Amino acid sequence: MTAPTTATRTRGREAAQALAAEMSKLVSLPATWLTLGGTLVVNLILAVAFTVAGLQGSTGTKSAVDIGLASISYAQAGFVILGVLTACSEYIGGQIRTTLTAMPRRALQFTAKHLALAIVVCPAAAITAASGVVLTAGVLGDTAAPVTSGRVVGALSGVTAYLALTALISAAVGALVRRTLAAVVVLLGYFFIVGPLLRDRTPAAKYLPDTAGFAMWFPVADDASAVTPAQGALLLTAWTVALIVFVVIGYRRWDM
Amino acid sequence: MITIDSLVKRRGSKEILSGIGFQARPGRVTGFLGPNGAGKSSTLRILLGLDRATSGTALINSVPFVQLRDPLATVGAMLDGSGAHRARTGRAHLRWVARSAGLPRARVDEVLDIVGLTSAASRRVGSYSLGMARRLGLAAALLGDPEILILDEPVNGLDPDGIRWIRTFLRQHAASGRTVLLSSHLMGELAETVDDVVVINEGKVVADGTLDEITGSHRTLEDAFFALTTGGAP
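The listed protein sequences derive, respectively, from chains L and H. Throughout the first sequence, residue numbering follows full-length UniProt numbering, covering 1 to 256 in sequence. Throughout the second sequence, residue numbering follows full-length UniProt numbering, covering 1 to 234 in sequence.
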C-alpha cells in the first residue's frame, strides 16, 4: 500500500492539492484543447479577413495592433465557452459528487477551479491575441500605421486580462446555471446582443463588464468621460470578483 | 463509525426523511435496505455533505463529513453511476481525484488493479459498460485507503462475477476492522454479505439489528424485508 497517511495536512497543503486536482481536470478534458485550438484558428482566419478589409482601405489607415485585435471581440466567444465548459462539465456523469466528496470545502474547491482556469487561459489568451497581431503585421508590412512597442505591450496585456476575466465570469455563470447550452446562450446573448445594444443607448453602459473590458484594449476616441484602460481593468475585475462571490454563496449551500 | 441521528429532509412540502437514526460500526458490514424512493440515497448524500439536512445530524467519527481534514483517507464513497466525466479516460479521472489528496500516481495503478480495470484504464469513461463504470467508482472510493466505505447500490449493474467479487471484497474490508455501509434494494445479494441491517421505508427506520434479529422467524431476509416494508407477509 503506497497511500501515505495525510491526516495532518495543513490548510495550505489542502489548497495546493485542490488547485492541482482542478488543473488536472482542466487539462485532461479534451474539450479544453478543442476549444482553445478552435478559438486560435478562428481568430487567425478573422484576423486575415480584417487585414484584407484594411488593405482595401475600408477601415482607414490603422496600425497592425488595431486591426489584428479587431477579431478578438468575436474570438472571445471561445473563452466564454471554455469558462462555461469548465464549470458545467462537473455536472456530467455525476462528477460533481466525486469532486465534493474529495474536496468537501466548497468555497476552497470553487476558488481552486477558477484559479486553475485563469492559469490555463492567460497564456492561451496571450498566444491567441499575439498571433493575430503578428499575422496582421506580416500581411500589412509597411502599409500599416506605425505603432509604439508600448502600445503593443499595453494592448496585448489588456486583451489577455480581458479574455481571462471573461472566462472566469463565464465559469461563474456556468456554475450558477449548471447546464452548458443554457449558460452559453445567456452569455453570448449578453456579449453579442444585449451588451452592444446597451452600449449605443445608455452612457452608464460603459461601466458594464463587456464595455468596461473593451476599454482595456480597444482604441477609444479621446473623450474626457471615457473609461481608461486602467479603470476598465478595475471595473471588470470588480464585476468578476463580485459575481464569483455571489455564486459561491449559493454553491456552498446547494444540494448537489 | 457512522452515527446518524434524527435526520429530517424536506423538499418543498414533501418530507423525504422523517427522523432517520442508526449507526454503522467498525469491523462490520451494515446493510441499508429499503425499496426505491425510501430515502436511502438522500440519507447517504446528507452523510457525505452533498445535501443539507433540514434537521438532525449525520456524523463520521463524530464530525460532519465537510469537517474531515482528509476526507479521501477517511471515507471512500461510491454513489450511483461512475462519478466521472465521460470524455476522460478512467486513469485521468482517478489521477485528478488522487491529486486532491496528494496521493502518488502509483496509487492510481494500484486501485485500477484492485478493481480489475487496468486494461481499460486508457479508454474514455463514455465507452465503459455499466459494470465497468461501477468498478471505476469503487476504484475512486478506494484511492485514499479509507477506514470507512459508503456504497450506494454497489451491486447494481455488476455481472455475477462482479457481485461475487464485491461481496468477498467487502467482507475482507470489514474483517480488517473497517466500517462498511452499503445501501441496496436487492435483498438476495445482500443477505450473504451483511452483519447488521437497517431497513427504511417512506423515510423512516422500520427495523435495525443484526442479520439474525431482522430475519427472525422469516425464512429469508427477503421475506422479512417485504413483511416490514409492506406491512404484512407477502
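Glycine residues also receive a C-beta, built at the ideal position from the N, C-alpha and C atoms. On a predicted model such as this, the values are computed, not experimentally measured, just so you know.
(request) Mind listing the chain L neighbours of Pro71/H? Cutoff is C-beta to C-beta under 7 Å, in chain order. (result) Thr101, Ala102 and Pro104
(message) Applying the 10 Å Cβ sphere with the 16-neighbour rule, what's the burial state of Ala3/L?
(response) Any reading at Ala3/L needs caution, since the residue's pLDDT is 46, under 50, leaving its predicted position unreliable; the model's value is listed next. It is buried - the Cβ of Ala3/L has at least 16 other Cβ atoms within 10 Å.
(request) Whole angstroms is fine: what's the gap from Leu135/L's alpha carbon to Ala175/L's? (result) 36 Å
(request) Starting from Val186/L, trace the alpha helix (DSSP H) both ways and give me its first and last residue. (result) Thr180 to Gly189
(request) For chain L, find out if any of its Cβ atoms is closer than 7 Å to the Cβ of Gly81/H; answer yes or no. (result) Yes, contact with chain L.
(message) With a threshold of 7 Å between beta carbons, is Ala107/L in contact with chain H?
(response) Output row for Ala107/L: interface = no.
(message) I'd like to check one pair, Ile67/L with Gly78/L: are the Cβ atoms closer than 7 Å?
(response) no
(request) For Phe225/H, decide whether its Cβ has a neighbour in chain L, counting only Cβ atoms nearer than 7 Å. (result) no
(request) Could you tell me whether any Cβ in chain H is nearer than 7 Å to the Cβ of Gly93/L? (result) Answer yes: the Cβ-Cβ gap between Gly93/L and chain H drops below 7 Å somewhere.
(request) Could you work out which residues of chain A lie near Asp51/H, taking near to mean beta carbons separated by less than 8 Å? (result) Looking at the structure shown, chain A is missing, and the protein chains on hand are L and H.
(request) Can you give me, in chain order, the residues of the stretch 98-124 of chain H that have a beta carbon less than 7 Å from any beta carbon in chain L? (result) Arg99, Ser100, Ala101, Gly102, Leu103, Pro104, Ala106, Arg107 and Glu110
(message) So for Phe22/H, helix, strand or coil by DSSP?
(response) strand
(message) Pop quiz: Ala102/L and Leu72/H are said to be a contact at Cβ under 8 Å. What is the actual Cβ separation, rounded to whole angstroms?
(response) 6 Å
(request) With DSSP collapsed to three states, give me the class of Thr32/L. (result) helix
(request) Classify Ala233/H as buried or exposed, calling it buried when 16 or more other Cβ atoms lie within 10 Å of its own Cβ. (result) Because the pLDDT at Ala233/H is just 44, under 50, the model does not fix this residue reliably, and the point stays unresolved.
(request) Under the assumption that Leu117/H contacts Gly90/H (Cβ atoms under 8 Å), give the Cβ distance between them as a whole number of angstroms. (result) 6 Å
(message) Classify Gln76/L: buried if its beta carbon has 16 or more other beta carbons within 10 angstroms, exposed otherwise.
(response) Burial call: buried.
(request) Could you list the residues in the stretch 83-96 of chain H with a C-beta less than 7 Å from some C-beta on chain L, going in chain order? (result) Gly83, Ala84, His85, Arg86, Ala87, Arg88, Ala92, Arg95 and Trp96
(message) If we define contact as Cβ-Cβ less than 7 Å, is Thr6/L a contact residue for chain H?
(response) Because Thr6/L sits at a pLDDT of 45, beneath the cut-off of 50, its placement in the model cannot be relied upon, and the following sentence gives the value as read from the coordinates. By this cut-off, Thr6/L is an interface position.
(request) Just the C-alpha distance for Gly19/H and Val206/H, rounded to the nearest angstrom, thanks. (result) 11 Å
(message) Strictly under 7 Å for the Cβ-Cβ distance: is Ala171/L near chain H by that measure?
(response) no
(message) What does the Cβ neighbour count give for Thr51/L, buried or exposed, with the cut at 16 atoms within 10 Å?
(response) A buried status is given to Thr51/L, since no fewer than 16 other beta-carbon atoms sit within 10 Å of its beta-carbon.
(request) Quick one: grab the DSSP three-state call for Arg11/H. (result) Arg11/H falls in the strand class under three-state DSSP.
(request) Using only alpha-carbon positions, find the residue among Arg28/H, Ala84/H and Ser41/H that is nearest to Asp255/L. (result) Ser41/H
(request) For Val66/H, return the contacting residues in chain L, with the cut-off set at a CB-CB distance below 7 Å. (result) Pro104 and Arg105
(request) Give me the Cα-Cα distance between Ser127/H and Gln17/L, rounded to the nearest whole angstrom. (result) Cα-Cα distance, rounded: 29 Å.
(message) My assumption, with CB atoms under 8 Å, is that Thr211/L sits in contact with Arg199/L. Please give the rounded CB distance.
(response) 5 Å
(request) Report the neighbours of Leu48/H on chain L: residues whose CB is nearer than 7 Å to its CB, in chain order. (result) Thr101
(request) Starting from the C-beta of Leu100/L, find all residues in its chain whose C-beta is less than 8 Å away, skip the five residues before and the five after it, and write them out in chain order. (result) Arg106, Gln109 and Met256
(request) For chain L, find out if any of its Cβ atoms is closer than 7 Å to the Cβ of Ala77/H; answer yes or no. (result) yes
(message) Please identify, using Cβ separations under 7 Å, the residues of the stretch 137-159 of chain H that lie next to chain L, in order along the chain.
(response) Ala140, Gly144 and Asp145
(request) Grab the span of the beta strand (DSSP E) containing Ile150/H for me, first residue to last. (result) Ile148 to Asp152
(request) Check whether the Cβ atoms of Leu69/L and Thr35/L sit closer than 7 Å, and answer yes or no. (result) no
(request) Kindly list the residues whose CB is nearer than 8 Å to the CB of Tyr190/L, restricted to its own chain and excluding five residues on each side of it in sequence; keep chain order. (result) Asp210
(request) Please check the pair Thr210/H and Asp196/H, which I expect to be a contact at CB under 8 Å, by giving their CB distance rounded to whole angstroms. (result) 6 Å
(message) Considering only the alpha carbon of each residue, which of Arg88/H, Gly144/H, Ala101/H and Met187/H lies closest to Leu9/L?
(response) It is worth fixing the name first, because residue 9/L is Arg in this sequence and not Leu. Across the set Arg88/H, Gly144/H, Ala101/H and Met187/H, the C-alpha of Ala101/H shows the shortest separation from the C-alpha of Arg9/L.
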